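Reviewing the structure listed below.
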Amino acid sequence: MPELPEVETTRRGVAPHLTGATVRDVIVRNSQLRWPVPPDLAATLTGLTVRSVTRRAKYLIIGFDSGCLLVHLGMSGSLRVVAAEAPPEKHDHVDLVLGEQEAHLGTLGEGGEDEHRGDDAIDDRQREAQQAHDAAVG
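Structural data, given as structure tokens:
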């Protein structure tokens, strides 16, 4: 299960890409996750603009003007920002389509390995800040 530093790193990586973006569509490939995905999720989120991406414990909170989307990465999950034309990976369960990019929410592949872990979503400054934080914390 991702620990707090991994969840915070994920938040820092996706926040600049999600904040201010408008949800154009939601694609649900597997609705039976930790909690079942509501059947009206696409209708609820489409057209809303992401106002914030925060974290509370191991939950990511994607905030909108009216409400929020609560995301838990589960045992081996990931949240990646990819080009809209990028094909979904085997374990990508939910996509937030944000125009020219998408946020893929999925689990890691078999054996805990994921070839496309999404580190490209974290720019060099964020990576350096995370490394400095990790070094300071020990």
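The numbering of the sequence shown is this note's numbering, which starts it at 964 and goes up by one.
Yeah, the Cβ is synthetic: ideal placement off N, Cα and C, and Gly gets one too.
If you're wondering where the values come from, they're calculated on a predicted model, not measured in any experiment.
Three-way DSSP call (helix, strand, coil) for residue i in this model
i            : result
residue 1073 : Low confidence applies to residue 1073: its pLDDT is 33, below 50, so where it sits in the model is not reliable enough to give any reading.
residue 1120 : The structure shown has nothing for residue 1120, since the chain only spans 964 to 1101.
residue 976  : helix
residue 1047 : coil
residue 970  : helix
residue 1006 : helix
residue 1011 : coil
residue 1061 : coil
residue 1079 : Here residue 1079 scores only 31 on pLDDT, less than 50, and its place in the model is too uncertain to base an answer on.
residue 981  : helix
residue 999  : strand
8 Å CB neighbourhood of residue i in its chain, flanking five on each side removed
i            : result
residue 1017 : 974, 1023, 1024, 1026
residue 1011 : 985, 986, 1027, 1028, 1029
Pairwise C-alpha distance: residue j and residue i
i            : j            : result
residue 1062 : residue 985  : 8 Å
residue 1052 : residue 1028 : 30 Å
residue 1030 : residue 1015 : 11 Å
residue 1049 : residue 1055 : 12 Å
residue 1046 : residue 980  : 11 Å
residue 1078 : residue 1032 : Since pLDDT at residue 1078 reaches only 31, below the 50 mark, its modelled position is unreliable, and no value is offered.
residue 1075 : residue 1037 : Confidence at residue 1075 is low in this model, with a pLDDT of 32, below 50, so the placement of that residue is unreliable and no value is reported for it.
residue 1035 : residue 991  : 16 Å
residue 1020 : residue 982  : 20 Å
residue 1013 : residue 967  : 22 Å
residue 1002 : residue 1058 : 14 Å
residue 1041 : residue 998  : 16 Å
residue 1007 : residue 972  : 27 Å
Proximal residues to residue i (C-beta, below 6 Å), its chain only, five neighbours per side dropped
i           : result
residue 994 : 1000
CB-CB length for residue i against residue j, believed under 8 Å
i            : j           : result
residue 1066 : residue 977 : 6 Å
Cβ-heavy atom distance, residue i to the ligand FMN, below 6 Å
i           : result
residue 975 : This structure simply doesn't include the ligand FMN, nor any ligand for that matter.
Own chain, CB closer than 7 Å to residue i, minus 5 neighbours either side, in chain order
i            : result
residue 988  : 1005, 1009, 1060
residue 1064 : 980, 1044, 1045, 1046, 1047
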